[in-house]
Amino acid sequence: MRRPNPAGRLDFMASFGSAIEPRVNGEPYAVAVPVHKTLLEVLREDIGLTGTKHGCELGECGTCTVLIDGQPVLSCLALPAALEGRDVTTVEGLESADGLHPLQQAFVELGAAQCGYCTPGFVLAARALLEGNPRPSRAEIETALGGNLCRCTGYLKIYEAVELAAARMRGEPAEPTREMLYGAG
Amino acid sequence: MAPVEDQLRVVGTSLPKVDAVAKVTGRTKFADDLFLPRMLHCRMLRSTTPHAEIVSINTQRAEEHPGVVGVLVGRDLPNPYGILPVSQDEHALCLDKVRFIGDPVAAVAAIDEETAFEACELIDVEYAPLDSVADIEDALGGDDPAIHLYGDAHNVHKAIALEFGDVEAALIEADLVHEDLFFYEGNTHLPMEQHAALADYRPDDRLTLWSSSQTPHYVHRALATVLEMPASRIRVIATPNGGGFGGKSDPFNHEIVVAELSRRTGRPVKICLNREEVFYCHRGRHPTLMWIKTGFKQDGSITGMHFRSFLDGGAYGSYGVASTYYTGALQTVTYPVPAYKFEGLRVFTNKPPCGPKRGHGTPQPRFALEVHIDKVAEKLGLDPARMRLDHLVEPDSVTANYLKIGSMGLGACIEKVVAESGWNDRFGKLPEGKGLGLACGSYISGAGLPIYWNNMPHSGVQLKLDRGGGVTVFCGSTEIGQGSDSVLAYVVAEVLGIDPFEIDIVTADTSLTPVDLGSYSSRVTLMTGNAALQAAERARELLVRSVAEKWDVPGVRVAMAEGQVFDVQDPECTMTFTEAVVLAESKFGTIGTVGSYTPPRSPGRYRGAGVGPSPAYSYAAAVAQVAVDVDTGETHVDDVWIAHDIGRAINPVVAIGQVEGSVYMGLGEALMEEMTYRGNRNVVHHHPSMLEYKSPTTHEMCRVHTYLIEDPDPNGPFGAKEVGQGPLLPIPPAIVNGVYDAVGARVDEVPVTPQKVLAALKRKAKQEEPREGPKKALTFDWPDAIQVPPPWAGGDGRALEEGREIGGGGVRA
């Protein structure tokens, strides 16, 4: 925690505040924020994109994952000042005028989002995986999502959703299996 | 009339949840996603000492800090509150004493969070430390100062003794009497969403609170009490919870604090707890020491059981009295227990308060019972699956402690997992280091009695139909990820023959929606489902009468499906659902109906009979396949086969998600999750962070093979029973039994850490009892047990005491 700095506080913001112009979901933004403000805070509080959630704000849970130039990054540990000229993608940037991203669609069909709080982070981490590896094995999915915690699903429906989306993104006419939707046996 | 089974079009189909698109796109607004103009941010100053008198609090420096708008201390909110009427022992901010590290003593509202943080550091608190109470044994020692001035004994919050039949005589009749001692470590919910609340008080004396709460109705009541405002001027809106698992079921101090700060500053005030504070909020699983002594016949049937539980309650009451009763309530609903004695107590300690976590008070005794039975099966030379299958509680029966069982699908569950796991060919026959364990469980589908005594419905639904064909469902239920909003839509859609995705759902808003008691005790599908069913059937009746009149046919000929209304005898004769609503509105005026649900009265009439009754019990059986590394002591679960008797799955894919999530959470509790403490007398939280509080990641999660057993229960909507909590129950004992099958080590304590496995293996190598677990039973001067003759001994549900009814008041779940 910062030490009390009552008198100097406003000066501090004025002199060290930084005007940054991040590109988020392909759109330019201009915000003036104190340099120590995290990307998570800037996205949620200054830009208004509250789709990015937080679970610990210490880099432990993966909930605040966003993509920077396509790579998953914990936004609670990232400083926006260091991101000039780079592309930030949040969950709000996944859908298009055509509708949901295939990952989002698969999460919907398989109930892979329960409370939905960790979902944006998972969907983005999965998208980064599929960008580089269109046909991941189950073990590769587990590894790619190993930094994201979910307390609702036990991860299994998430794996199935990533696999379903991957198949569709490869152009295969994939549908959920009966076992996915109705159980084994 | 509800649609008959072969005509179901929505119920039983794996549809998306109605809120799924909002969740995957980031549109869902959780409490911390809300921002209001002029909003202030709140931080709370928390006790740094576990037990102390507050000598003084000086807030002057904080009040003078630039950017601070309001400061509160305990005397600003002097009225006590608490979730149970019998445990009104909390204050929004500590009045004169702190009881655990993390107990809040002051609060600040400031222009931003950082300023509020800074101001908290400028508050000077002088404490006069008291000796602290670290654990159950410590509390029962009686040497420490009292944490509270109420309870059944010094630092004993509650002590219970109940006996149903003559247990001593029953044990004499047994061929084998077996005794065990178990410990179940405390653990916490760890919802991904940190608790958050936003209060907005208006100068016309109206207050709105948005909060990540599972129980807005109880928050509403607590706010009225503490703020001394009429409930009619307070509106509580539960935002969708980013995970609850029971951890957001109490009215919380931070909710009351932001409400009062908003009232004092005239500005909206928000708080979002940081992760460390979420650990202090806790209300999670009680650490529980359990002693069990059971008599068995050679065939594995039980003659009688004596069960004792000792719960470490932490610093406040919370749901603890109910939790304590629950550690003794459901032992009787799986295998017949002709005579049963339960003694349970809960102590106060200087640690974060425990409360209800998924399974509320029942995973601990279920773990004890199922491992106990596994040991006895071996002693009797019986297969543990066969032994259970041969002795199952009958459907439509009443247990020794007067729980009314309806449908009972445990036999089918056991048979399913035995067949699918290859149990008969593989149990006891896997190579060293690999093992199979089996266990069962059962859970309530909602509590039979409300938390506070009243004769009103537990759940209410209002339905509005408009002339555009729109349908809106209003219900107080709270969406915590389990799919409660979706259940409302599916049930109404089924009855009205429309698309569930065309229905608007308005929930968890005390001003807009009729009361539902909340998302706890696995009550929501059964209770709101029944209320929605009644409201929808009443709406359907209005539509049918209007259409029948127009077509001049009897009402029974009018059917509704897929957005159409038609004459079953003349398929050419149809109209749209919207046209039917227009007809009905023309005939009857505005179309609105209501439905409500109150559980049936339970047969128990003794004091304590309020905990355990339910409209329906779910059952589950699981087989776990584990791999134990004898060198490191590490246990990994490879596969779980689990069958859950759900009555009927309203939405199978959502139900499977609940089963898989329960397996996951049970696996975490079995292998790694623990709320432990360190430091001076063991009261400083060991690791209040997500990194150090170990929970299963993708790498620890096992494969799960889920089987839904459907045998509709007459009390459930379309036959549905619960699925949110019950599937957790068999998991810890199945894993622990599997560890024994794998390496011959008995770990009578969860979590099964590598150290414990190695300790047991070390003893095994030395030819000692290959066991690790609690060694010492605790003694307590138990009260005389309330004697309640079981039904088969001519009992009528009342206690014997002078033949009069002594129940009725007291505690409920």
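Protein sequence lines correspond, in order, to chains L and P. Be aware that the first sequence starts at 1, since it is given in my numbering, and climbs by one per residue. Be aware that the second sequence starts at 1001, since it is given in my numbering, and climbs by one per residue. All C-beta atoms in this analysis are idealised placements derived from N, C-alpha and C, irrespective of residue type, glycine included. Only a predicted model underlies this, so the values are computations on that prediction, with no experimental measurement involved.
- Here phenylalanine 1501 of chain P is exposed, its C-beta having fewer than 16 other C-beta atoms within 10 Å.
- From the beta-carbon of phenylalanine 1245 of chain P, the residues of chain L found nearer than 8 Å are Arg151.
- In the DSSP assignment, phenylalanine 1367 of chain P falls outside any beta strand (DSSP E) and within the unbroken alpha helix (DSSP H) covering 1363-1380.
- Look at leucine 1758 of chain P here: in three-state DSSP terms it is helix.
- By the C-beta density criterion, leucine 130 of chain L is buried, having at least 16 other C-beta atoms within 10 angstroms.
- In the DSSP assignment, the residues bridged to cysteine 1475 of chain P are P:Val1461, P:Thr1507.
- Close to chain P, meaning a Cβ-Cβ distance shorter than 9 Å, are the following residues of the stretch 138-164 of chain L: Ile141, Glu142, Thr143, Ala144, Leu145, Gly146, Gly147, Asn148, Leu149, Cys150, Arg151, Cys152, Thr153, Gly154, Tyr155, Leu156, Lys157, Ile158, Tyr159.
- Legend: CB atoms of the stretch 1172-1202 of chain P lying less than 9 Å from CB atoms of chain L belong to residues His1189, Leu1190, Pro1191, Met1192, Glu1193, Gln1194.
- For alanine 113 of chain L, a Cβ of chain P is located within less than 8 Å of the residue's own Cβ.
- When secondary structure is reduced to three states using DSSP, arginine 1601 of chain P falls in the coil class, being assigned neither helix nor strand.
- In this chain, valine 66 of chain L is not harboured by any alpha helix (DSSP H); it is covered by the beta strand (DSSP E) spanning 65-68.
- A direct Cα-to-Cα measurement between proline 1450 of chain P and proline 1085 of chain P gives close to 11 Å.
- Three or more beta-carbon pairs separated by less than 8 Å are not found between the stretch 1206-1216 of chain P and the stretch 1282-1293 of chain P, which leaves the two stretches without contact.
- Comparing alpha-carbon positions, the option among P:Asn1079, P:Leu1392, P:Val1347, P:Ala1170 lying closest to isoleucine 1256 of chain P turns out to be P:Asn1079.
- In the three-state scheme derived from DSSP, where H, G and I count as helix and E and B as strand, asparagine 1715 of chain P is classed as coil.
- DSSP, reduced to helix, strand and coil, places asparagine 133 of chain L outside both helices and strands of the structure shown, so it counts as coil.
- For chain P, the residues of the stretch 113-130 of chain L that bring a beta carbon within less than 8 Å of one of its beta carbons are Ala113, Gln114, Cys115, Gly116, Tyr117, Cys118, Thr119, Pro120, Val123, in chain order.
- When DSSP states are grouped into helix, strand and coil, proline 80 of chain L belongs to the helix group.
- When C-alpha distances from glutamate 1126 of chain P are compared across P:His1189, P:Phe1183, P:Thr1059, P:Ser1318, the shortest belongs to P:Thr1059.
- Exclusion of the five residues before and after alanine 1222 of chain P leaves Tyr1081, Pro1251 as the residues of its chain whose Cβ lies within less than 6 Å of its Cβ.
- For alanine 1231 of chain P, the number of other beta carbons within 10 angstroms of its own is below 16, and it is reported as exposed.
- Proximity of chain P to leucine 181 of chain L at the Cβ level (cut-off 7 Å) is accounted for by Ser1014, Pro1652, Val1653, in chain order.
- The DSSP-derived three-state label of histidine 1306 of chain P is strand.
- Listed along the chain, the chain P residues whose CB falls inside 9 Å of the CB of valine 108 of chain L are Pro1016, Lys1017, Ala1020, Val1021, Lys1023, Val1024.
- Look at arginine 1366 of chain P: its C-beta is not under 8 Å from any C-beta on chain L.
- Listed along the chain, the chain P residues whose CB falls inside 8 Å of the CB of threonine 38 of chain L amount to none; the nearest CB is some 12 Å away.
- Listed by position along chain P, the residues whose Cβ is nearer than 7 Å to that of valine 91 of chain L are Thr1025, Gly1026.
- Judged by DSSP in its simplified three-state form, proline 1571 of chain P adopts strand.
- Burial of glycine 1497 of chain P is indicated by the presence of at least 16 other C-beta atoms within 10 angstroms of its C-beta.
- Between the beta-carbon of valine 1581 of chain P and that of arginine 1467 of chain P there is about 6 Å, and that keeps the pair under the 8 Å contact cut.
- According to DSSP, residue pairing for valine 1068 of chain P in a beta bridge involves P:Ala1110.
- Using a 10 angstroms sphere on the CB of arginine 135 of chain L, the tally of other CB atoms stays under 16, which defines it as exposed.
- Residues of chain L with a Cβ closer than 7 Å to the Cβ of phenylalanine 1252 of chain P do not exist; the shortest Cβ-Cβ separation is about 18 Å.
- In this structure, serine 1477 of chain P keeps its C-beta atom at 8 Å or more from the C-beta atom of serine 1618 of chain P.
- Where valine 1637 of chain P is concerned, there is no enclosing alpha helix (DSSP H), although the beta strand (DSSP E) around it starts and stops at 1635-1645.
- CA-CA distance, alanine 1655 of chain P to alanine 106 of chain L, rounds to 17 Å.
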